[in-house]
Each structure stands twice: as C-alpha cells, then as structure tokens.
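Under the numbering used here, the first residue of the sequence shown carries the number 24, and numbering increases by one thereafter. Think of the CB as a built atom: it goes at the ideal place given N, C-alpha and C, for glycine as much as any other residue. Here's the structure we're looking at; comments come further down.
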Amino acid sequence: MKTVLITGATSGIGAAAARRFVAGGWRVVATGRRADRLDALAHELGRDALLPLVFDIRDAAARDGAMDGLAGEWAAIDLLLNNAGLALGTAPAQGATLADWTTMIDTNVVALAALTHRLLPGLIARRGAIVNLSSVAATYPYAGGNVYGATKAFVRQLSLGLRADLAGTGVRVTSIEPGMVETEFTAVRTGSRDASDTLYAGAAPMTGEDIAETIWWVATLPPHLNINALELMPVSQSFAGFAVARR
Ligand code: NDP
Ligand code: 8X3
C-alpha cells in the first residue's frame, strides 16, 4: 500500500485528490488548517486510510513538528502532492496589499519549497514522486495576477529544476497547471462567495475531481514515464489578446 501526503486537503482539488487516492487503495496524510474539515474527511474515508494533520503550512515549527510526528507506515511517503496554495486579491500591483503578497509567497513558494526539502531524502529512498500545483497563471500573465502568477511560475520552474537534479534517482516530478477550477479558490481570493458564483456561472469550469483524476493518472503511470508539466483548461476558457493603453 502506498502513501501520499496531500497539502491543502480541506477543500477543492486537495479534498478531491484525497478521495481519489483512498478509492485507489492508497493511504493519505491530509493536511490543512481547518481541523473540522479534516476530521470529516477522516470520518468519511476511514481513519485507517486517512490521517489528518492540522497545521498552518507557513509555520516552520508546526510543519516540521507534524512531519517529525509521523510514525510507521504514515511516515513512508511515496508521493508528495504540494497542493496547498492561494491567490489573494485581483488588484493591479500598484493597488495591491503587501500583506497579501507576503502571504502568497510564504504559502505558495516558501512553504512548498521547505516541505519538499524536508521530504526529499525519503522520496529518494522510496523512488517516489512529487506533484506540484502550479497554474496557467505561471505561463500567461493577466491583469491582477502579478504575485500569484509569479509564485506559480516558481512552482513550475522548481518542478523542472527538481527533475534535473533528481535524474537517476527514479523520483518523478510533475507540474500540474490548471486554468479555471471551481473550488473555494475564488471565494478566498476575492473574499466574496457571490463573486465566486458569478465567475463560475455558465462557464462549465473544471472541477476538483477533474484535476484529482489527472493527478491520479500521473501518479499511477508506469515508473519509467514522467509527465514533466501538464496544462489543462475547461473548453470554455481560452486566451486573451495583448492590452494596449492609448493616450
Ligand atoms: P481551495 O481554496 O479550495 O483549497 C486550497 C487549500 O489550500 C485548502 O485546503 C487550504 O486549507 C489550503 N491552504 C491554504 N493556505 C494554507 C495554509 N497557510 N496552511 C495550510 N493549508 C493552506 O483552492 P484549490 O483547491 O483550487 O487550490 C489548490 C491549489 O490549486 C492551489 O495551489 C491553487 O493555487 C491551485 N490552482 C487552483 C486553480 C483554480 O482555478 N481553482 C487553478 C490553478 C491552480 P485551509 O484553508 O484549511 O488551511
Ligand atoms: C488559478 C487560475 O486563472 O485564476 O491558478 O489564475 S487563474
């Protein structure tokens, strides 16, 4: 039986991935700040299959303590799914809040890198895998995407850099780069459930389950195959043109 550690399993893509991996016979270490959500997931999926670990991923001591506390088979992590992350705000850079930028960098970049660094020796020992949640925002800039897009570009580039460094170890690394997925993402970004409902209304966005199924596929390919990067969008979403400011 294999073990996956999923960060940000309290909602959206992470929760869907927890369900998918348990359905596939894996053990899941599920992390996030909302204890009630993780408890509900453990109740739903069974405490033999899912271990809830409640901590703020930006808190180095809590993060390391949680990893140190893993015992037995729960400590034998075969797959690290770096999913926890967020966008805050849609304002242009000149109107953005520095605290929002710091939160995004601390969560999407610093915590992801630190957890990866912490788990790397075990992943190498088990010839495991890392799947990172980047975004289309890593590649395609859009107004108001500023630091969020930059954090996701870091995630993509770190994934590719890890591939280079891990050559010969058998460890697989994948950058998953979705467009619009209906989760709590937009409610968190805007602070408004209405704004979230409006964005997704009539757009047939992807679902957390769509992305979870893709992650499952990536993770269960034969061990000689590595998906380096994988970009997905709903059919309804496409590209905008360049903006031109006229005098
Ligand atoms: P959700 O808001 O539904 O889920 C985000 C998850 O991240 C939650 O489980 C949340 O847990 C966790 N998280 C956020 N901050 C922290 C923190 N400080 N400590 C611990 N956990 C944290 O969004 P998604 O499922 O959509 O997002 C998952 C990933 O997918 C993110 O990295 C996002 O950037 C990326 N993504 C999303 C897209 C979309 O359109 N939805 C598109 C492309 C990429 P809790 O709040 O309980 O701590
Ligand atoms: C989330 C997708 O387009 O809102 O990463 O930036 S987008």
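For residue i, which of the options has the nearest alpha-carbon?
{"i": "G80", "options": "R57, A63, A224 and S259", "result": "For clarity, residue 80 is Ile in the given sequence; the question names Gly instead. When only C-alpha atoms are compared, the closest one is R57."}
{"i": "P115", "options": "A235, A166, A161 and A41", "result": "A166"}
{"i": "R42", "options": "L73, T30 and D62", "result": "L73"}
{"i": "F265", "options": "V194, L135 and Y163", "result": "Y163"}
{"i": "L104", "options": "T209, L28 and W239", "result": "L28"}
{"i": "T192", "options": "N155, V178 and H247", "result": "H247"}
Does the Cβ of residue i have 16 or more other Cβ atoms within 10 Å, making it buried, or fewer, making it exposed?
{"i": "T174", "result": "buried"}
{"i": "S198", "result": "buried"}
{"i": "M24", "result": "exposed"}
{"i": "G172", "result": "buried"}
{"i": "V258", "result": "exposed"}
{"i": "T120", "result": "exposed"}
{"i": "F262", "result": "exposed"}
{"i": "V45", "result": "buried"}
{"i": "V194", "result": "buried"}
{"i": "E205", "result": "buried"}
{"i": "L244", "result": "exposed"}
From what residue to what residue does the alpha helix (DSSP H) around residue i run?
{"i": "L68", "result": "A58 to L68"}
{"i": "N105", "result": "First-last for N105: L102 to N105, but that is the beta strand (DSSP E), not the alpha helix (DSSP H)."}
{"i": "G172", "result": "N169 to D188"}
{"i": "A152", "result": "Premise fails: A152 lies in the beta strand (DSSP E), A152 to L156, not in any alpha helix (DSSP H)."}
{"i": "R86", "result": "A83 to D91"}
{"i": "L45", "result": "As written in the sequence, residue 45 is Val, which differs from the Leu given in the question. Segment G35 to A46, the alpha helix (DSSP H) holding V45."}
{"i": "L138", "result": "L135 to A148"}
Along the beta strand (DSSP E) that carries residue i, what are the first and last residues, could you check?
{"i": "L244", "result": "Segment: none, L244 is in no beta strand (DSSP E) and carries neither H nor E."}
{"i": "R50", "result": "R50 to G55"}
In whole angstroms, what separates the C-alpha of residue i from that of residue j?
{"i": "T230", "j": "V211", "result": "16 Å"}
{"i": "Q260", "j": "S182", "result": "25 Å"}
{"i": "A122", "j": "V170", "result": "11 Å"}
{"i": "T237", "j": "R269", "result": "43 Å"}
{"i": "G47", "j": "D87", "result": "28 Å"}
{"i": "R70", "j": "V178", "result": "31 Å"}
{"i": "L143", "j": "L68", "result": "27 Å"}
Note to self: For the pair the stretch 143–162 and the stretch 91–106, tell me if three or more CB-CB distances fall below 8 Å.
What the structure shows: yes
Check: Pairing CB atoms from the stretch 250–266 with CB atoms from the stretch 182–202, are three or more of them under 8 Å?
Finding: yes
Note to self: Whether or not the stretch 176–188 and the stretch 216–230 are in contact is what I'm after, with contact meaning three or more pairs of Cβ atoms, one per stretch, closer than 8 Å; do they touch?
What the structure shows: no
Check: Three or more beta-carbon pairs under 8 Å between the stretch 47–63 and the stretch 122–133, yes or no?
Finding: no
Margin query: Does the structure place the stretch 60–75 close enough to the stretch 24–36 that three or more beta carbon pairs sit under 8 Å?
Written below: yes
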